[in-house]
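So the sequences go chain by chain: R and Z.
Residues 1 to 265 in my numbering are what the first sequence lists, from first letter to last.
Residues 266 to 589 in my numbering are what the second sequence lists, from first letter to last.
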Amino acid sequence: MRIFGLNRRIIRVLLGSQYAHMLEYRAEIALWALSGVLPFIMLSIWSGSDARSGLGLDGVALDRYFLSAYLVRQFSVVWVVYAFEEDALLGRLSPYLLQPLHPLWRYVAAHLGEQLTRLPFAALIAVVFFAVQPQAFWLPSLGGFLLAWLATWMAFAIAFLFQSLIATLCFWSEKASALERLQFIPFVFLSGLLAPLTAFPPAVRAWAQWTPFPYLIDFPARVLAGQPVDLIAGFGAQLAWIAVLLPLVLLLWRAGVRRYSAMGA
Amino acid sequence: MIQVDGLSKIYRVAEKQPGFAGTLRHFLRRRTRDVVAVQDVSFQIEPGEMVGFLGANGAGKTTTLKMLCGLIHPSSGRVQVGGFSPQRRQAEFLRRITLVMGQKQQLLWDLPPMDSLRVNAAVYGIPDGVARRRISELADLLELGEELTRPVRKLSLGQRMKAELLAALLHEPEVLFLDEPTLGLDVNAQARVRKFLAEYNRRTGATVLLTSHYMADITALCPRVLLIHQGRLFHDGPLEALAEQLAPEREVRLELESPVAPDALEGLGRLEQLEGCDVRLLVPRDQLTAVVAQLLDRFPVRDLDVTDPPIEELIGGLFRQGRV
Ligand SMILES: Nc1ncnc2c1ncn2[C@@H]1O[C@H](COP(=O)(O)OP(=O)(O)O)[C@@H](O)[C@H]1O
Ligand SMILES: [Mg+2]
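Okay, structure coming up:
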């Protein structure tokens, strides 16, 4: 059976080739993994500040939250809009459109291949973190780990779909990727990268709940750090966002390709 | 196999003045201009035919090929390829065709072609064993070996083009659309690609529609030629008829041992250039052998060369002569 052209063999071969592809960029990916240390900077700022008490997390819990936030971020980074833009520009999109496989699958595979390449570097950062902060060491239960994994993948799916939505706008405007930069600001504040969402005033928090951002970092990070979270509400919201974004992306993609075909590919 | 009726494509291009003011004005009042790229083109191609698609730059060749493979939608007219309407891009249709664009590539730059071939085999649902056999057959024909396991970025342009061809033909398409497949290749690589296409057509009976800048590609491969000019089709038939129509004369270049006077060359075609020992003559095709024999007989010839002017020049000449 094929889903938008995809079957198990294609998944295997596509992932294999994209993993090999990303290994070619392992130096860059290692740098990205290192440069994603924003949560640790925030941790050191919060730890040395009196405002800490307002976060609702004590010392060790705060350490764990920010390490988890780092790890979740590492496995939900999305760059599909840039890859897509480049492919459209270089004309690689045209041959892909003539193959019986939805082109978006290639980008999904590329991201998963990149995550696999990132894995050892992220693990290394975690080891260093525990070496510096041994009192923060913890091992999640198997169940907790699997739930956190699932939540991270759902976060990745939301981020990927959200950015694909922006990418499809490239069919209409060359400047669409600027929107990606625009949404980065609310993302940084509302996702939980700078501070756990509990740090925000209740009004902001209530409002943020209705955006996709808290489910990208804050929710999966709390699951991973083993903090009390409403699993049903969290996974429910993640599923809801995927259910909203997926048909939207497919619809806009189809309209975009139609426009691309009219304009001259 | 291919049926085209009254096919037209009009591109709508935005007209925008440069600079910020231009952008602003464009934003407020969108101005567009229509570019007619293809106009009322009709033809039919039978299964197994190899057809050359000729025309100057900007004539509409690429646009037509893109419409035939479904990449862009016609403004008007009808296209059928193998019974399918290309613009619907059904998987069944995509499995039967391929498009190779000399300028654009599908192989992943940082990986060996073999990885991309494996992906293509999976995407087209070709069983592993069959794919391996086809890869080795096609690689033999293309004279590709260990290049398939070297990163694409380390290959020469010619090797890359051959690998692109292999990737584009792995699913054994019935219809090949080739847009300038030899562009930029050196003469040897051009000849090899040409030989390969002829052999592929012979073996598989595939239908081939090929555009090229190089007359040699067309002469070597295509008994039938479509000539398109400013979006309109104006020749559809054997190459010889076109060559005679376009270039009733051939060019003879001579290098002599010693200079001659212009009147000595009287009756031996039209004298284009005479500079010391270097002579250029235009000779009607039917007199070519006789003239060459006389030249060799009468003059101390150091070197003699007969050439067809480049296709661009021929077509340009045709339109200057107002024969259209
Ligand atoms: N995407 C496009 N948008 C607007 N005009 C185009 C586009 N593609 C091609 N054209 C124009 O259409 C005409 C035919 O182009 P093309 O089909 O590429 O010719 P050829 O392949 O014979 O060189 C040219 O005038 C070209 O400038
Ligand atoms: Mg062209």
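Glycine residues also receive a C-beta, built at the ideal position from the N, C-alpha and C atoms.
Contact residues of ligand 2 (beta-carbon closer than 7 angstroms to any heavy atom; chain order) are K326/Z, T327/Z, D444/Z, E445/Z, T476/Z.
For V300/Z, the shortest separation between its Cβ and any heavy atom of ligand 1 lies below 7 angstroms.
Shortest gap from the CB of Y96/R to any heavy atom of ligand 1: 7 angstroms or more. Only exposed fits N322/Z, as fewer than 16 other CB atoms lie within 10 angstroms of its CB. Look at Y465/Z: its beta carbon is at least 7 angstroms from all of the heavy atoms in ligand 1.
In this structure, D63/R places its C-beta atom within 8 angstroms of the C-beta atom of L43/R. Between ligand 1 and M22/R, a heavy atom-to-CB distance of less than 7 angstroms is absent. Spatial neighbours of W105/R in its own chain (CB-CB distance under 8 angstroms, excluding positions within 5 residues in sequence) are listed in chain order as F4, G5, L6, I10, L14.
At a cut-off of 8 angstroms between beta carbons, R9/R contacts chain Z. The CB of H102/R never comes closer than 9 angstroms to any CB in chain Z; the least such distance is about 11 angstroms. G264/R reaches chain Z at Y276, I337, counting residues in chain order whose Cβ is nearer than 7 angstroms. Those residues of the stretch 216 to 239 of chain R placed with their C-beta closer than 8 angstroms to a C-beta in chain Z do not exist. For the pair E531/Z and D562/Z, the Cα-to-Cα distance works out to about 15 angstroms. By the rule that beta-carbons nearer than 8 angstroms mark a contact, Q345/Z does not touch chain R. Taking 7 angstroms as the cut-off, one finds no heavy atom of ligand 1 near enough to the beta carbon of G48/R.
Distance from the Cα of R92/R is smallest, within the candidate group Q345/Z, E429/Z, D299/Z, T328/Z, for E429/Z. If you ignore the 5 residues before and after V301/Z, its C-beta comes within less than 6 angstroms of the C-beta of I275, G496, all in its own chain and listed in chain order.
Within the same chain, and ignoring the five residues on either side of M379/Z in sequence, the residues whose Cβ sits closer than 6 angstroms to its Cβ are L413, T414.
DSSP places Q559/Z inside the alpha helix (DSSP H), whose first and last residues are 553 to 563. For the stretch 358 to 369 of chain Z, the residues whose beta carbon sits under 8 angstroms from a beta carbon of chain R are, in order, L359, R360, I362, T363, L364, M366, Q368, K369. Judged by their CB atoms, I125/R and A262/R are not nearer to each other than the 8 angstroms cut-off. With contacts defined as CB atoms closer than 8 angstroms, V72/R and T152/R qualify as a contacting pair. By the C-beta density criterion, I400/Z is buried, having at least 16 other C-beta atoms within 10 angstroms. Shown here, L224/R sits in a helix according to DSSP, grouped into three states.
Under the three-state reduction of DSSP output, Q538/Z falls in the strand class.
T469/Z is positioned such that its CB atom lies no closer than 8 angstroms to that of L330/Z.
Look at A302/Z here: in three-state DSSP terms it is strand. Using a CB distance cut-off of 8 angstroms, R118/R does not count as an interface residue toward chain Z. Excluding its 5 nearest sequence neighbours in each direction, L224/R has C-beta neighbours in its own chain below 7 angstroms: S68, L71, V72, P140, A148, listed in chain order.
For K274/Z, the pairing in a beta bridge is given by DSSP as V303/Z. Here G323/Z carries a coil assignment [DSSP, helix/strand/coil]. D444/Z is positioned such that its CB atom lies closer than 8 angstroms to that of V365/Z. The C-beta of R383/Z comes closer than 8 angstroms to at least one C-beta of chain R. Closest option to F442/Z, judged by alpha-carbon separation, among A433/Z, L450/Z, D573/Z, D570/Z: A433/Z.
A heavy atom of ligand 1 is found nearer than 7 angstroms to the CB of G320/Z.
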